[in-house]
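Everything on this sheet refers to the single structure shown next.
There are 4 protein chains.
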Amino acid sequence: MSPIDKLSALFEKFPGIGPRQARRFVQYLLVAAPALRGEIAEAVRSLGAQTAQCKKCYRWFPTEDSASTASTCAVCANTARERTLLFVVEKDADIDNVERSGYKGLYFVLGGIIPLASEEPEKHIRLRELLKRVEADKPVEIILGLSATTEGDHTRQILAEKLQKSTSKVSSLGRGLSTGSELEYADPDTIAQALGNRH
Amino acid sequence: MSPIDKLSALFEKFPGIGPRQARRFVQYLLVAAPALRGEIAEAVRSLGAQTAQCKKCYRWFPTEDSASTASTCAVCANTARERTLLFVVEKDADIDNVERSGYKGLYFVLGGIIPLASEEPEKHIRLRELLKRVEADKPVEIILGLSATTEGDHTRQILAEKLQKSTSKVSSLGRGLSTGSELEYADPDTIAQALGNRH
Amino acid sequence: MSPIDKLSALFEKFPGIGPRQARRFVQYLLVAAPALRGEIAEAVRSLGAQTAQCKKCYRWFPTEDSASTASTCAVCANTARERTLLFVVEKDADIDNVERSGYKGLYFVLGGIIPLASEEPEKHIRLRELLKRVEADKPVEIILGLSATTEGDHTRQILAEKLQKSTSKVSSLGRGLSTGSELEYADPDTIAQALGNRH
Amino acid sequence: MSPIDKLSALFEKFPGIGPRQARRFVQYLLVAAPALRGEIAEAVRSLGAQTAQCKKCYRWFPTEDSASTASTCAVCANTARERTLLFVVEKDADIDNVERSGYKGLYFVLGGIIPLASEEPEKHIRLRELLKRVEADKPVEIILGLSATTEGDHTRQILAEKLQKSTSKVSSLGRGLSTGSELEYADPDTIAQALGNRH
């Protein structure tokens, strides 16, 4: 395989990228200065060396030079965060979004979601690690921040069961009309949820 | 103006219809059998004669031949509905959608929404009629079923104030993740609402 | 069926209209003034009486009161048009679009397109009428203005055969890059056509 | 800047990639095996070493190990191609698309397009190189394969002037209905072109 085809094939595995756009990426790099290519190559290669997975929440974070021995991310290390709240999410990208909402507690990244048909939930998410974290830290409240999808609901139910024995209160995100949505176009299930959660 | 242009102009006022689609409607009617045109014309003309506005909820409903003197719609006339609940909506189409969610109470149609800049809320919605209905029926709970938009929020606030003196409990629809939405793509305000309404 | 459901069902047959939008049309009419409903009903009903199908090109056109005996449309009646050119189109709406391009000749509306599987082309288009028109008027050139689709190509081929015996030159619209399109995103067939038609 | 932010910023410069997708790429790489990251880094870095710009058409091509001294791409080196035809394109990606159309001649990549406001066309495209190529090879026909956009038309006009003195015939791609387009939705300029190029 030519280096052009090989790099195209690698880009095709990137999330949301098809053959045509993968090829455009390669064209972009072909025309780019060798220095830029070197910079990108170095950034990709050293991503592992300069980042680490947080020992507490399991998200990936940049290891600062000055504190290269750090084993926890900035949020987990921040003593000003509300340590009684644990927000459980599916993946790293969810955290970025939740941070924008003004949430001030801690996180735990499941690293996946449990498929409906799965017999072994442990294979898809960090269940053991979550139970260990809960046992060690004893948060007052665990917020199950799963997506409002069928698989998200399924994962939430299994987690709720598994966490039943913990001393933490287990809560779920509110369901209802999302900001900007109109009643006329809301689906019946969302309206039913919005009615059930009226206040 | 030619009859073709005139009918096009009338169709252009239909919700969501632009000049091109209005013209396609006219083409469709031109090619259609005269009998179909007659049927449509008759259905449009007699819409008023065969429908009436409900004296209680103000929605439009078909008047049955057998009970042509009926002044209330099927929902308002149905004694099996929960008469302690009053769901206040912006427009008739909202009711169709709320019915699909399994709601079993009564309704009131505001007939509009209050623009942010308006000095006279009464000009845009049936405020006087709502207050009269509440005073007469004294529902245990009034659910303000406005859309989750800026104007919807604005209208809800004004209604909440105006209904303060009533003996009814005034509630709002729950806000949060709508069914099917993913945490990663939810907007920060929706996440903040979902967090605030966690349970 | 209620008058609301009945009118909804009629609107659902309009081109491009689904159940939800059909219902919104009815709501719009319900809330509208009875006078507007009457105006629409009258415009729909009288569409047939105030329009006629052109005896030459078969398009639908408004019959002017003063000249209610007119049997040809404004274009066919206009002696300033180039009468040596005959532009054959599938449907009335195509003419509106071709007029905007500055074309100054005459038209003929086929009233349809020939499906690939059809054994009887005459059932789908005004073939006999076209041949008669060509024989009578003997245009110098017949432009087959079909869409650049598989069915359009199929219809063009059949028409070209049927018109072989006429004394008119039979031509087709140029194929190639449409205005605004980029080479990178053009499909191979369009590029092949653009290459074949280079000048 | 953290390595995560740095790599995100580099991905944001990729064609068609916004901040959110750039971040997803980084997440994908963070979770990926270090070996895959190494493979991508190596492929990006070595792209320059394993590819070269063709001395004849200026496209980028993979240099085969066996013939590492090759200075022309596979098409330019292929003696079976029609060497009398020169297809001038804006960028490498256009060639992939033209190849799919069955074209069998040679190419020249301009490396850009001339902006409408530009005073110095030479700054944007390989004009000197094109003139030199034409003088050396004396193709029978030069096909100006620019996009059907305003800038493409502008570039074509300037090239046509500059090539006037050459002995080659200078042609342009055919304009008209692109494959699959319908007459009803074609823009007036495309119809005018299709009419002008009828055959």
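Chain order of the listed sequences is A, B, C and D.
Taking our numbering, the leading residue of the first sequence gets -9, the next gets one more, and so forth.
Taking our numbering, the leading residue of the second sequence gets -9, the next gets one more, and so forth.
Taking our numbering, the leading residue of the third sequence gets -9, the next gets one more, and so forth.
Taking our numbering, the leading residue of the fourth sequence gets -9, the next gets one more, and so forth.
By construction, the Cβ of each residue, glycine as well, lies at the ideal position given by its N, Cα and C atoms.
Since the structure is predicted, the reported quantities are computational estimates derived from the model, not experimental observations.
Alpha carbon to alpha carbon, how far is K81 of chain D from G164 of chain A? Give it in angstroms, no decimals.
About 51 angstroms.
Return the bridge partner residues of K159 of chain A from the DSSP annotation.
Note: K159 of chain A sits in a beta bridge opposite A:E131.
Going by beta-carbon coordinates alone, are A176 of chain D and S168 of chain C separated by less than 8 angstroms?
Yes. Within cutoff.
Taking the alpha helix (DSSP H) that L19 of chain C belongs to, which residues open and close that run?
Segment 9 to 21, the alpha helix (DSSP H) holding L19 of chain C.
Which residues does DSSP pair with T74 of chain B in a beta bridge?
Paired residue(s): none; T74 of chain B is not in a bridge.
Unbroken alpha helix (DSSP H) runs of length 4 or more, entirely within the region 85 to 135 of chain B: which are they?
Whole alpha helix (DSSP H) segments, 4+ residues: 117 to 127.
Grab the span of the alpha helix (DSSP H) containing F4 of chain B for me, first residue to last.
In the DSSP assignment, F4 of chain B falls outside any alpha helix (DSSP H) and carries neither an H nor an E.
The region 86 to 95 of chain B / the region 110 to 125 of chain B touching (three or more Cβ pairs under 8 angstroms):
In short, these stretches do not touch, since the Cβ pair count stays below three.
Against chain D, which members of the region 93 to 120 of chain C pass a CB distance test of less than 9 angstroms?
Per Cβ criterion, the list reads Y93.
Please confirm whether E29 of chain A has its beta-carbon closer than 8 angstroms to some beta-carbon of chain D.
Interface residue, yes.
First and last residue of the uninterrupted alpha helix (DSSP H) at T140 of chain C:
Segment 140 to 152, the alpha helix (DSSP H) holding T140 of chain C.
Neighbourhood of M(-9) of chain B by C-beta distance below 8 angstroms, restricted to the same chain and skipping five residues each side
Excluding sequence neighbours, M(-9) of chain B sits near A(-1).
From L117 of chain C to A23 of chain B, what distance separates their C-alpha atoms?
So the alpha carbons of these two residues sit roughly 22 angstroms apart.
How many Å lie between D55 of chain C and S61 of chain C at the Cα?
With a pLDDT of only 46 at D55 of chain C, under 50, the local geometry of the prediction cannot be trusted, and no value is derived from it.
Sheet register partners of L26 of chain B (DSSP bridge):
Answer by DSSP bridge pairing: none, since L26 of chain B is not bridged.
Could you tell me which residues DSSP puts in a beta bridge with V79 of chain C?
V79 of chain C is bridged to C:V99.
Give me the subset of the region 157 to 172 of chain A whose CB atoms are less than 8 angstroms from a CB atom of chain B, sorted by chain position.
Within the region 157 to 172 of chain A, contact with chain B at the beta-carbon level (separation under 8 angstroms) is assigned to S161, S162, L163, G164, R165, G166, L167, S168, T169, G170, S171, E172.
Can you give me the start and stop residues for the beta strand (DSSP E) that Q43 of chain D sits inside?
Unbroken beta strand (DSSP E) run through Q43 of chain D: 41 to 43.
Taking only the alpha-carbon atoms, compute the straight-line gap between A33 of chain C and F1 of chain B and give it to the nearest angstrom.
The C-alpha of A33 of chain C lies about 11 angstroms from the C-alpha of F1 of chain B.
Determine the extent of the alpha helix (DSSP H) in which L185 of chain B is found, giving its start and end residues.
Note, L185 of chain B: alpha helix (DSSP H), 178 to 186.
Compile a chain-ordered list of the residues in the region 117 to 144 of chain A whose CB is closer than 9 angstroms to at least one CB of chain D.
Answer in chain order: no residues at all.
Looking at the C-beta of Q183 of chain B, does it have a partner C-beta in chain C at a distance below 8 angstroms?
So no, Q183 of chain B is outside the interface.
Quick one: is K46 of chain C buried, meaning 16 or more other Cβ sit within 10 Å of its Cβ, or exposed?
Burial call: buried.
Chain B beta carbons: is any one of them nearer than 8 angstroms to that of G6 of chain A?
No, because no Cβ of chain B sits closer than 8 angstroms to the Cβ of G6 of chain A.
If you measure from the beta carbon of N187 of chain A to each beta carbon in chain B, is any gap under 8 angstroms?
Yes, because at least one Cβ of chain B sits closer than 8 angstroms to the Cβ of N187 of chain A.
Contacts of A83 of chain D in chain C (Cβ-Cβ under 7 angstroms)
Neighbours of A83 of chain D on chain C, chain order: E174.
Does R49 of chain A come out as helix, strand or coil in the three-state DSSP assignment?
In this structure, R49 of chain A counts as coil in the three-state DSSP scheme.
Would you tell me roughly how many angstroms separate the C-alpha atoms of Q11 of chain D and G166 of chain A, rounded to the nearest one?
Those two C-alpha atoms are separated by around 28 angstroms.
Range covered by the alpha helix (DSSP H) that runs through C66 of chain B
Where C66 of chain B is concerned, the enclosing alpha helix (DSSP H) stretches over 64 to 67.
Count the other CB atoms within 10 Å of the CB of V21 of chain B; is the residue buried (16 or more) or exposed (fewer)?
So V21 of chain B ends up on the exposed side.
Quick check on DSSP: helix, strand or coil for L37 of chain D?
Reduced to three states, the DSSP call for L37 of chain D is coil.
Taking only beta-carbon positions, decide if K(-4) of chain C is within less than 8 angstroms of chain B.
At least one chain B Cβ lies under 8 angstroms of K(-4) of chain C.
Cβ distance (whole Å) where I133 of chain B is taken to contact V124 of chain B below 8 angstroms:
Actually they are not in contact, since the Cβ atoms of I133 of chain B and V124 of chain B sit about 12 angstroms apart, beyond 8 angstroms.
May I have the straight-line CA-CA distance separating L185 of chain C from T140 of chain B, to the nearest angstrom?
Cα-Cα distance, rounded: 54 angstroms.
V34 of chain A touches chain D at which residues, Cβ-Cβ below 8 angstroms?
Simply L(-3), L19, R27, I30, A31, V34.
How many Å lie between R73 of chain D and L96 of chain D at the Cα?
Answer to the nearest angstrom: the Cα atoms are 6 angstroms apart.
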